[in-house]
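Worksheet: the structure to be examined is printed underneath.
Residue numbers (the working numbering): 11 to 280.
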């Protein structure tokens, strides 16, 4: 009987799907690349986990850009006042008058360019002018404590006035911290501020909280200046102010927290 045998399995069928290359050619087919020779795979295996420092620098730059108006409108007048009065010994009223020039210039420039007042610069101008007026009060210690309260009250009244004008002043300080200097969050703030009534009400509420709290602080210091011993009010006046700022920050969270959530929701789908 003749026995038939099955042919041996094909070498090509059993071998992996790679293409042979001529011996000595020195070339390796792409499907058979030795990854151990790839310098990219010899690098730190955690290289993908390293943070993107460029993005962090961009965010910081955006935040600094957002804070620039605060630095110019508030920092320059205050810095120039202390430099003139404390370093160069210029009189109080003249230091206030000279430090008012940048604020006045910014106010007029903003009105000329956009036909609207720069509220931050206008606030500092009002505070300096009030300081010039009350600087001529008597040198009585109680009057000096009351004078500081009157100057501070200008800030509170200006904030509350901005609320009645529907241009909340404290938004200029809240916006950079809510948006973290990121363009997409800044754009979300602008969209919500322009198109959301709830967002605008929260902005107004935030400024109202700060204005009322600071005005209450001024009233408390004014009453204390003429009812409590001077030695007590020297340190208690500072405690009142710090307490008012802390209270405004805590109560202000009632408006700031929903604002942050609205910005988060606005940027989540983009």
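All C-beta atoms, glycine included, are put in the ideal place defined by N, C-alpha and C.
- Linking residue 164 to residue 247 through their CA atoms gives a straight-line distance of about 17 angstroms.
- About 6 angstroms separates the Cβ atoms of residue 203 and residue 209, confirming a contact at the 8 angstroms cut-off.
- Using a Cβ-Cβ distance cut-off of 8 angstroms, the stretch 169-188 and the stretch 139-154 are not in contact, since fewer than three pairs of beta carbons, one from each stretch, lie closer than that value.
- Contact between residue 238 and residue 159 does not hold, since their C-beta atoms are separated by about 13 angstroms, which reaches or exceeds 8 angstroms.
- When rounded, the separation of the alpha-carbon atoms in residue 153 and residue 166 is 20 angstroms.
- Distance from the CA atom of residue 211 to the CA atom of residue 99, rounded to whole angstroms, is 46 angstroms.
- Here the alpha carbons of residue 137 and residue 194 stand approximately 35 angstroms from one another.
- Take residue 131, set aside five residues on each side of it, and the residues of its chain with a beta-carbon closer than 6 angstroms to its own are 83, 113, 116 and 117, in chain order.
- Here residue 150 carries a coil assignment [DSSP, helix/strand/coil].
- Burial check for residue 146: the Cβ neighbour count within 10 Å stays below 16, so the residue is exposed.
- Counted as a single uninterrupted DSSP element, the stretch harbouring residue 190 is not any alpha helix (DSSP H), since DSSP gives it neither H nor E.
- Membership of residue 180 in any alpha helix (DSSP H) is not indicated, and neither H nor E is assigned to it by DSSP.
- In this structure, the CA atom of residue 103 is about 19 angstroms from the CA atom of residue 85.
- In the three-state DSSP reduction, residue 264 falls in the helix class (H, G or I).
- According to the DSSP assignment, residue 221 belongs to the alpha helix (DSSP H) that extends over 207-237.
- Boundaries of the alpha helix (DSSP H) harbouring residue 86: 86-92, taken from the DSSP string.
- The alpha-carbon of residue 134 is positioned some 22 angstroms away from that of residue 250.
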